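Reviewing the structure listed below.
Numbering (my numbering), first residue to last: -11 to 211.
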């Protein structure tokens, strides 16, 4: 009886162990499949992440290139605008203001001084002063409120002085925009037009450096 029980107990124990092993063997393929599925999902996500990173790099490069192109166009546009403003200033089509000098010439009430010097300021003298200012770097010049350009003319008819076909009278005020020190030094140069005027004319003159002078736009003038 005890032998039968022993054998029966062994059979039950073996059956339980075998059943557990069978269950483990059945679970292993499922776990492997699950693990493989997880690994494949992780790989897929890594690939998608890398694709997004590559796309982000491409977008950043495109944005950087666009910003550079835009900056270049803006700089080019600003350069054109500055050039346009310079052309407008040189052409006299816009009023301007800035540092510069003021030259005032007055005529004497006497026709000649004691040394026989001329009391009248001639148009040639005015032209020489204006040319001297431009040669010294003046950006804009006016004479008695008339803006001077390449189209301007200073004419003395024997009775009246005309600038841009507009009659002007003494005293003559020449305003110039530019470096005040350079402009004044150029006019005060020994042997220059004002030095000659001081020596051989009775006309009065005054040169002043100005922190700001204002010049009107060229209008063409009128009689």
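Don't be surprised by glycine CBs; every beta carbon is placed ideally from N, CA and C.
This one's a predicted model, so the numbers in the text were calculated from it and none came from an experiment.
Task: N-terminal and C-terminal residue of the beta strand (DSSP E) that residue 165 is part of - done: Locating residue 165 in the chain shown gives position 177, where the first residue counts as 1. Following the DSSP letters along the chain, one finds residue 165 inside the beta strand (DSSP E) bounded by residues 160 to 165.
TODO: Could you check what DSSP says for residue 110 in three-state terms: helix, strand or coil?
DONE: Residue numbering aside, residue 110 sits at position 122 when the chain shown is read from its first letter. DSSP, read as helix, strand or coil, puts residue 110 in coil.
Task: Boundaries (first-last residue) of the alpha helix (DSSP H) holding residue 203 - done: Working through the chain shown from its first residue, we reach residue 203 at position 215. Bounds of any alpha helix (DSSP H) do not take in residue 203; it lies within the beta strand (DSSP E) bounded by 192 to 203.
- [ ] Measure the CB-CB distance between residue 142 and residue 115 and report whether it falls below 8 angstroms.
- [x] As a first step, residue 142 is located in the chain shown; it is residue number 154 there, counting from the start. As a first step, residue 115 is located in the chain shown; it is residue number 127 there, counting from the start. Taking C-beta atoms as the reference points, residue 142 and residue 115 count as a pair closer than 8 angstroms.
TODO: Run the CB neighbour count on residue 178, radius 10 Å, all protein chains shown included, and call it buried at 16 or more, exposed below.
DONE: Working through the chain shown from its first residue, we reach residue 178 at position 190. Exposed, since its Cβ has fewer than 16 Cβ neighbours within 10 Å.
Open item on the list: Could you give the first and the last residue of the continuous alpha helix (DSSP H) run that contains residue 174?
Closed with: By 1-based counting over the chain shown, the position of residue 174 is 186. DSSP places residue 174 in the uninterrupted alpha helix (DSSP H) bounded by 168 to 175.
Task: Residue from 38, 46, 203 whose Cα sits closest to the Cα of residue 132 - done: Taking the chain shown and counting its residues from 1, the one referred to as residue 132 is at position 144. Checked all of 38, 46, 203; the closest Cα to residue 132 is 203.
Task: Same chain only: Cβ atoms within 7 angstroms of residue 122, ignoring 5 sequence neighbours per side - done: Locating residue 122 in the chain shown gives position 134, where the first residue counts as 1. Excluding residues within five positions, the ones whose Cβ falls inside 7 angstroms are 129.
TODO: Pull up the CB-CB distance for residue 182 and residue 88, whole angstroms please, since I reckon it's below 8 angstroms.
DONE: The residue labelled residue 182 in the question sits at position 194 within the chain shown. The residue labelled residue 88 in the question sits at position 100 within the chain shown. Not really, about 16 angstroms apart at Cβ, beyond 8 angstroms.
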